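Residues 142 to 397 in my numbering are what the sequence shown spells out, letter by letter. Beta carbons are placed, not taken as given, at the ideal position from N, Cα and C, and that holds for glycine. These numbers were taken from a predicted model, which means no experiment stands behind them.
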Amino acid sequence: IAEVTGVQTCALPISALTAANVIAPFSEPGWIDGPCFLEVLDQLPACERNRDSALRLPILSKYKDMGTIVEGKVEQGTIRVGDKLCVMPNRVTVEVLQLWLDQEEVSYLFGGENARVKLKDISDEDIMPGFVVAPRGGLACPAVKLFEAQIRIVELLEHKSIFSAGYTAILHVHASAEESTIVRLTSSIDKKTGQRSKKPPMFVKSGAIVTCVIEVEQAVCLEPFEQCPQMGRFTLRDEGSTIGIGKVLALLDEAK
């Protein structure tokens with residue numbers, strides 16, 4: 142993950158069975174001298190959720206309760222009661238009637254908070270997990286079928302040990318899961334230098350880092366990782382196993 146996204150990581154031993162080094166530092170001969178898990182979490186910098194950026198609320202679930210209710214996490218921006226928004230990728234215009242944070246009704250929510258939203262002018266039948274609530278017009282979240290990505294190949298399946306054009310897998314991004322196909326590999330990336338190869342590889346194997354073009358069957362809401370990390374990182378899964386972790390580099394076509 143760190144090789145793909147540039148995020149710093151650290152190794153921290155803990156015991157799920159005894160909770161050793163989870164709540165309090167564990168002192169035993171041969172054990173590491175360092176903070177416990179909760180201390181490491183407390184030291185992490187607060188995530189920047191860009192409250193003033195365009196709203197991005199991927200829908201995780203939906204149901205009927207005297208109207209259409211959707212649930213999801215506000216990935217960036219702010220949502221307020223009375224906002225006139227749209228649901229992508231089907232571009233249905235909606236209005237926010239009510240908002241809840243847990244069980245408490247609120248007037249607004251911002252990036253990083255889990256939201257429950259009652260929407261006007263849309264049926265729950267017109268909503269699928271992975272759809273995104275966003276502003277109308279030019280600030281709406283793009284919906285694409287074709288994009289370029291950088292992928293770290295984690296571990297390919299034993300009977301599908303070659304990653305090349307034509308490889309199919311399930312793309313998981315925010316709350317969406319779609320069938321995808323690798324259209325072509327565009328370069329391989331040297332792990333030590335980060336340099337791209339001048340010539341596209343024909344194929345790669347487990348452990349490689351590549352850039353490639355990916356096509357999905359149904360338009361999915363995405364943004365480049367550099368623009369909105371929460372909408373631009375994904376995993377590729379095949380037969381229940383994660384075979385790749387990646388980030389979106391560029392959107393190549395926007396669904397009309």
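For secondary structure counted as the beta strand (DSSP E) over 3 or more consecutive residues, the segment 299-352 holds these complete runs in sequence order: 309-314 and 317-329. Shown here for GLN184: same chain residues with a beta carbon closer than 8 Å to its own, the five before and five after excluded, namely PRO176 in chain order. For LEU179, the three-state secondary structure derived from DSSP is helix.
Around the beta-carbon of ASN255, fewer than 16 other beta-carbon atoms lie within 10 Å, marking it exposed.
THR234 and ASN162 have their alpha carbons spaced roughly 50 Å apart. Per DSSP, reduced to three states, the secondary structure at LEU196 is coil, with no helix or strand assignment.
Beta-bridge analysis with DSSP links LEU250 to ILE220. Apart from sequence neighbours up to five positions away, the residues of its chain that approach LYS346 with a beta-carbon distance below 8 Å are ILE294, LEU297, SER302, ILE303 and PHE304, ordered along the chain. In the three-state scheme derived from DSSP, where H, G and I count as helix and E and B as strand, PRO276 is classed as strand. HIS300 and ALA290 have their C-alpha atoms spaced approximately 24 Å apart. Under the three-state reduction of DSSP, MET372 is assigned to helix.
GLU245 sits in a strand when the DSSP states are folded into three classes.
PHE167 is the residue among ALA152, THR327 and PHE167 whose C-alpha sits nearest the C-alpha of THR159. Taking each of THR352, SER328, SER317 and LEU250 in turn and checking the Cα distance to GLN371, the smallest one comes out for SER317. Around the CB of LYS259, 16 or more other CB atoms lie within 10 Å, so the residue is classed as buried. Boundaries of the beta strand (DSSP E) around THR209: 209-214. Looking at the DSSP output, ASN255 sits in a beta bridge with LYS214. Bounds of the beta strand (DSSP E) holding ILE292 are 284-294. ASP267 sits in a helix when the DSSP states are folded into three classes. Around the beta carbon of PRO230, 16 or more other beta carbons lie within 10 angstroms, which makes this residue buried.
Beyond the five residues adjoining it in sequence on each side, ALA360 comes within less than 8 Å, by CB distance, of PRO230, ALA284, VAL285, LYS286 and ALA396 in the same chain, given in chain order. VAL228 and LEU182 have their alpha carbons spaced roughly 34 Å apart. If you ignore the 5 residues before and after GLU266, its C-beta comes within less than 6 Å of no other C-beta in its own chain. Burial check for ILE200: the Cβ neighbour count within 10 Å reaches 16 or more, so the residue is buried. Excluding residues up to 5 positions away in sequence, THR146, GLY373, ARG374, LYS388, VAL389 and LEU390 lie with their Cβ nearer than 8 Å to the Cβ of PHE366 in the same chain.
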